[in-house]
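Contents: one structure, followed by commentary.
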Amino acid sequence: MTTFSRRTFLSAGTAAVALSRPDQVLAAPVIALPKDVAQRDAATVMAVRTTTPVVAMTFDDGPHPKLTPLLLDMLKQRKLRATFYLIGNRVVTWPDIVRRIADEGHEIGNHSWSHPNLAKRSTTSVLNEIDRTSDAIFKITGRPPVTFRPPYGSFTRRQRLMLYEERNLPTILWSVDPQDWRRPGASVVASRILKGSRPGAIILSHDIQSGTVKAMPRTLDGLSDRGMKFGTVSQMMGWPLWQKRNFRRVNSKG
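Per the working numbering, residue 707 is the first one in the sequence shown, and the count goes up by one each step.
Encoded structure:
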């Protein structure tokens with residue numbers, strides 16, 4: 707598991723990349739991870755080693771039909787970007803919310819199709835969970851996710867390396883966990899995030915929890931008051947902004 711170094715917080719650029727779609731399976735665009743990641747564990751990122759005051763707010767398990775729009779309103783009001791790790795079967799249920807997430811400048815990551823414990827699944831089953839989700843996000847937004855977060859964080863090192871090799875998807879974990887899924891209350895969630903956040907932090911939270919969404923005004927404003935900026939996971943990694951990558955299809959082989 708890797709904390710990698712980015713000297714600067716890079717804003718969006720553009721990159722023309724090819725999508726491989728064998729039988730409607732989407733691989734992430736081939737944009738290399740920084741060498742200091744690839745030389746150690748090419749597949750796993752927990753935080754960014756940087757002195758730049760930037761953090762990545764990430765929200766798992768959505769979209770939620772009521773809570774996610776409320777959260778998007780908060781982010782829009784503050785002109786902040788976040789990363790949403792969406793579950794495939796919820797993506798196809800609420801496509802308008804998924805489209806809004808992308809249209810408002812946030813990044814969408816892959817969080818599997820049905821939120822199983824993937825560490826107990828075969829490679830075929832794992833790829834099916836991920837490919838179905840990537841395809842669903844692609845059909846709604848016009849681009850596939852470029853990072854993956856395993857449900858429960860449960861993913862073996864062999865699986866992480868396999869996924870990076872097969873689909874060019876690094877596994878994104880986190881460095882701050884407020885354990886909001888235990889529903890400790892909005893005040894506790896906000897306090898834990900504010901206490902644990904440092905420059906380069908990747909913050910885990912869940913926008914399907916009402917307490918988490920209620921905690922966000924204090925959390926976002928508190929981090930901003932400390933001088934923190936907010937970037938998507940791609941921005942934190944020095945990649946182009948997700949929305950500004952140019953994709954083209956290529957014919958599958960066979």
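Glycine included, each C-beta is placed from N, C-alpha and C at the ideal position. As the structure is a computational prediction, the values presented were derived from the model and not from experiment.
Problem set entry | Every unbroken beta strand (DSSP E) inside the segment 755–814 [3 residues or more] | Listed in chain order, they are 760–766, 789–792.
For this session: Specify the secondary structure class of Phe844 as computed by DSSP and reduced to three states.
Result: In the structure shown, Phe844 sits in a helix (DSSP, three-state: H, G or I).
Problem set entry | Assigned secondary structure, Val919 (DSSP; H/G/I helix, E/B strand, else coil) | Three-state result, Val919: helix.
Exercise. Can you give the beta carbon distance from Thr764 to Tyr791, rounded, assuming they're within the 8 Å contact cut?
Worked result: About 6 Å separates the two Cβ atoms, so the contact holds.
For this session: Following the continuous alpha helix (DSSP H) through Leu947, name the residue where it begins and the one where it ends.
Result: Taken as a continuous stretch (DSSP letters only), Leu947 belongs to no alpha helix (DSSP H), as it is neither H nor E.
For this session: Compare the Cα-Cα distances from Asp931 to each of Asp767, Arg784, Val832 and report the closest residue.
Result: Of Asp767, Arg784, Val832, the residue nearest in Cα terms is Arg784.
Exercise. Measuring CA to CA, which of Trp800, Thr829, His817 is closest to Ser840?
Worked result: The candidate whose alpha carbon is nearest that of Ser840 is His817.
Problem set entry | For Met899, the first and last residue of its enclosing alpha helix (DSSP H) | One point to set straight first is that residue 899 is Ile, not Met, in the sequence displayed. 892–902 is the span of the alpha helix (DSSP H), which, as asked, contains Ile899.
Exercise. DSSP three-state call for Met934: helix, strand or coil?
Worked result: Residue state, collapsed to three classes: coil.
For this session: Tell me, please, whether the segment 885–897 touches the segment 914–930 by the rule of three or more beta-carbon pairs shorter than 8 Å.
Result: A contact between stretches requires three or more CB pairs, one per stretch, nearer than 8 Å, and the segment 885–897 meets this requirement with the segment 914–930.
Exercise. Thinking C-alpha only, which one of Gly815, Val798, Trp800 is nearest Leu947?
Worked result: Cα-wise, what sits closest to Leu947 is Gly815.
Exercise. Short check: CB of Pro769 to CB of Arg796, under 9 Å?
Worked result: Contact: yes.
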